[in-house]
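K.L.:
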Amino acid sequence: MDVNAKLDRIVILTGAGISAESGIDTFRAAGGLWEQHRVEDVATPEGFARDPDLVLNFYDMRRAALANVVPNPAHEALARLEREFSGDLLLVTQNVDDLHERGGSARVLHMHGELKSALCASCETRTRWEAPMLDRPPCPVCRVPSLRPDVVWFGEMPYEMDRIYRAIESCDLFVSIGTSGAVYPAAGFVQEARRAGARCLELNLDYSEGSRCFHETRLGPASELVPRWVADVLGG
Ligand code: OAD
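Structure representation (structure tokens):
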């Protein structure tokens, strides 16, 4: 890929791989989250209806575990890009952790929601949330004790899709970092970007299900690839 080509609009999609070196389990690796837990039990509305305690406890533990991890150089490099890139940048993450923000990114679109947010099933308000939910705290707005994790489950619509597709349609470069290309709609962004004429670059530890759709795939750990790529963009 020509790193010297003038770039005005970049869309970046990140997945679990960018947080792996911070110590957060990915989903589909051997021993990953989806081997430890059944998706149908902890990541579907039906699973929540069947056993809310199991689901609330699962997300309470993942939220609490954020206190034990820190951003890595990949998160920090994307924050540098946000500060120093003179064009338009949209950072979209499928991750529900807060490592992009703690790494310094101020504008992050969490298409699959956030661990540190609560969604009230009664009044539908989204509220910043750090505490456990297992003990059924009341919604700070309507006072009904019907909070659930503000995380998009299978069968639910991810957030901000219109805004994401608009940005993809007009970007020069689409970059996918540390995601398996297994979960739609995010897995389809690369095809949309190609159709719109954007260059498509993948940064991943290994080839993914979507690799063949990219113009270029660079293999390696995100903590090395992402700072190098950001330096190229800012220096080019
Ligand atoms: P996956 O666990 O499916 O994939 C992680 C990707 O990161 C793989 O392609 C790995 O090769 C790559 N990877 C691992 N370590 C890496 C490293 N150090 N550097 C670079 N790449 C690395 O996670 P996602 O693709 O993010 O959705 O999963 C997508 C969605 O599936 C999640 O948001 C979640 C899950 O089910 C919901 O819960 C709705």
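When the sequence shown is numbered by our numbering, its final residue is 240 and no position is left out of the sequence of numbers.
Beta carbons: idealized from backbone N, C-alpha and C, even for Gly.
1) Does the count of Cβ pairs from the segment 165-183 and the segment 204-217 closer than 8 Å reach three?
2) Which whole runs of the alpha helix (DSSP H) in the segment 96-174 are 4 residues long or more, in chain order?
3) Relative to the alpha-carbon of GLU118, which residue among LEU229, VAL148, TRP157 has its alpha-carbon at the smallest distance?
4) Can you tell me where the alpha helix (DSSP H) with PHE1 in it begins and where it stops?
5) Taking all protein chains shown into account, decide if LEU94 is buried (16 or more other Cβ within 10 angstroms of its Cβ) or exposed.
6) Pick helix, strand or coil for GLY46, following the three-state DSSP scheme.
7) Hey, quick one: how far does the beta strand (DSSP E) through ARG203 stretch, first residue to last?
8) Between THR131 and ligand 1, is there a pair consisting of the residue's CB and a ligand heavy atom that are separated by less than 7 Å?
9) Taking its Cβ as the centre, do 16 or more other Cβ atoms sit within 10 Å of LEU123, making it buried, or is it exposed?
10) Taking 7 Å as the line, does the beta carbon of ALA202 fall inside it for any heavy atom of ligand 1?
11) Does the Cβ of ASN72 lie closer than 7 Å to at least one heavy atom of ligand 1?
12) Nearest-angstrom Cα distance between ALA135 and ARG67?
13) What is the DSSP secondary structure of VAL15, counted as helix, strand or coil?
14) Let me check one thing: in DSSP terms, what residues is ASP64 bridge-paired to?
15) In whole angstroms, what separates the C-alpha of PRO231 from that of ALA83?
P.N.:
According to the structure shown:
1) yes
2) 103-106, 165-173
3) Here residue 118 is taken as the residue at index 114 of the sequence shown, counted from 1. Among LEU229, VAL148, TRP157, the Cα nearest to that of GLU118 belongs to TRP157.
4) No information on residue 1 is available, as it lies outside the stretch 5 to 240 that the chain covers here.
5) Taking the sequence shown and counting its residues from 1, one reaches residue 94 at position 90. So LEU94 counts as buried.
6) In the sequence shown, the residue the question calls residue 46 occupies position 42. Here the sequence assigns Val to residue 46, which means Gly is not the residue at that position. The answer is helix: DSSP assigns VAL46 an H, G or I state.
7) The residue you call residue 203 lines up with position 199 of the sequence shown. Residues 203-208.
8) Along the sequence shown, read from residue 1 onward, the residue named residue 131 stands at position 127. It does not: the Cβ of THR131 is nowhere closer than 7 Å to a heavy atom of ligand 1.
9) Working through the sequence shown from its first residue, we reach residue 123 at position 119. By the neighbour-count rule (16 or more Cβ atoms within 10 Å), LEU123 is buried.
10) In the sequence shown, the residue the question calls residue 202 occupies position 198. No, the Cβ of ALA202 stays beyond 7 Å of every heavy atom of ligand 1.
11) Taking the first residue of the sequence shown as 1, we reach residue 72 at position 68. Answer for ASN72: no, Cβ out of range of ligand 1.
12) In the sequence shown, the residue the question calls residue 135 occupies position 131. In the sequence shown, the residue the question calls residue 67 occupies position 63. Approximately 8 Å, taken between the alpha carbons.
13) As a first step, residue 15 is located in the sequence shown; it is residue number 11 there, counting from the start. DSSP places VAL15 in strand when its eight states are reduced to three.
14) The residue labelled residue 64 in the question sits at position 60 within the sequence shown. Looking at the DSSP assignment, ASP64 forms no beta bridge with any residue, so it has no partner.
15) Taking the first residue of the sequence shown as position 1, residue 231 is located at position 227. Taking the first residue of the sequence shown as position 1, residue 83 is located at position 79. Taking the straight line from one Cα to the other gives about 10 Å.
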